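According to the numbering used here, the sequence shown is numbered sequentially starting from 0. Glycine residues also receive a C-beta, built at the ideal position from the N, C-alpha and C atoms. What you are looking at is a predicted structure, and each value in this text was computed from that prediction instead of being measured.
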Amino acid sequence: MSALKFLVPGEISREEFDAVNIEIHDVAPGVLMLVGLGGNIGVSYGEDATFMVDGQFGPLTEKIFSAIASRTRKPVQFVLNTHWHLDHVAANERLADHGVTILAHENVRVRLSVEQVLPAFGQTVPARPEKALPSVTFTKDMSLHWNGDLVEIFHAPNAHTDGDTLVHFHEGNVIHMSDTYFNGMYPLIDIDCGGSIDGMIAVAEEVLVRSNQSTKIIPGHGPLSSQSELAAYRDMLVTVRDAVTALIQDGKTLAETVAARPTASLDVDWAGGVLEPDTFVAHIYNCLTKSTGP
Ligand SMILES: [Zn+2]
0 MSALKFLVPG EISREEFDAV NIEIHDVAPG VLMLVGLGGN IGVSYGEDAT
50 FMVDGQFGPL TEKIFSAIAS RTRKPVQFVL NTHWHLDHVA ANERLADHGV
100 TILAHENVRV RLSVEQVLPA FGQTVPARPE KALPSVTFTK DMSLHWNGDL
150 VEIFHAPNAH TDGDTLVHFH EGNVIHMSDT YFNGMYPLID IDCGGSIDGM
200 IAVAEEVLVR SNQSTKIIPG HGPLSSQSEL AAYRDMLVTV RDAVTALIQD
250 GKTLAETVAA RPTASLDVDW AGGVLEPDTF VAHIYNCLTK STGP
């Protein structure tokens, strides 16, 4: 299923939700990755509080809570929205009904508050109701001293969107990158909402510095990952950005740039995910030629 479909939950049928099984990955002591439908969920549990990083869709909330209950009896107290895309945050209303407090970067609350028009994806996403909006917001970084860990929450400016938040579990040696990292595939960059290829490369660089060979990296989409796989992803992003930049400097139009197939040598490894190579190249081209910056 395309990730683009995930932006509008109404397009997903009851049967599709019913068919979802929540996979549980024990990433580190007290840290889980849950895979269902939509962005990968992170969970921290222990003596202080159960804390989720993203929540997927409301119709999956009971299954997600059951998965978490297999590891801890403490109910979920907080959820962090890593960015505004609904395949990560559509469950907010349902979670609020369960008394879960919603945290997010200020830009996430702003984008969820009003209709989002996305020409790059041909979609319009309606404003969310008040109950679905994050009630605790921050503008840069925040640290939680919970469950025996230092959990550092930090903003990556203008990467996948303008509100991306990453979560670094220092003791567990786990970093949740959300949609700044699509493992093994060309990523979606929401250039209509402040995303940029340079921001995507910058956050990959930052995580490579923060991590080591033992670090477990949770991507927004795709399987649990590692520093070496992230380095390969960073290299791919740099290669495509530089190839598209060279074509732009040669005066090529969008159509000519796509036709030149600048990703041809990479497609065997990176195509076949959520974006066709031509779409990915078009997004990079539009990002690099935007007259107004993000
Ligand atoms: Zn996203």
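Item, Value
"Quiz: which residues have CB nearer than 5 Å to ligand 1 non-hydrogen atoms", "His84, Asp178"
"Nearest-angstrom Cβ-Cβ length linking Val75 and Ile67, presumed shorter than 8 Å", "6 Å"
"Neighbour-count burial assignment, Val99, 16 or more Cβ in a 10 Å radius", "buried"
"Rounded separation between Leu132 and Asp161 - CA only", "17 Å"
"Close Cβ partners of Asn91 (< 6 Å) along its chain, the five nearest in sequence each way excluded", "Ile101, Ala131"
"Sequence-distant residues of its chain with Cβ nearer than 8 Å to Glu228 (five each side left out)", "Asn182, Gly183, Ile216"
"Assumed close pair Leu59, Val34 - CB separation to whole angstroms, cut-off 8 Å", "The Cβ separation is near 11 Å, so there is no contact."
"Close Cβ partners of Phe50 (< 6 Å) along its chain, the five nearest in sequence each way excluded", "Ser43, Phe77"
"Residues near Asp25 by beta carbon distance below 7 Å, same chain, minus five either side", "Leu31"
"Proximity winner among Pro186, Ala254, Val202, relative to Gly221 (alpha-carbon distances)", "Pro186"
"Expected contact under 8 Å - CB spacing of Arg240 and Glu204 to nearest Å", "So it is not a contact: roughly 13 Å between Cβ atoms."
"Beta-carbon contacts of Pro276 that lie in its chain and below 6 Å, excluding the five residues immediately before and after", "Thr262, Asp266, Ala270"
"Outcome for Thr123 when other beta-carbon atoms lying within 10 angstroms are tallied against a minimum of 16", "exposed"
"Neighbour-count burial assignment, Ser12, 16 or more Cβ in a 10 Å radius", "exposed"
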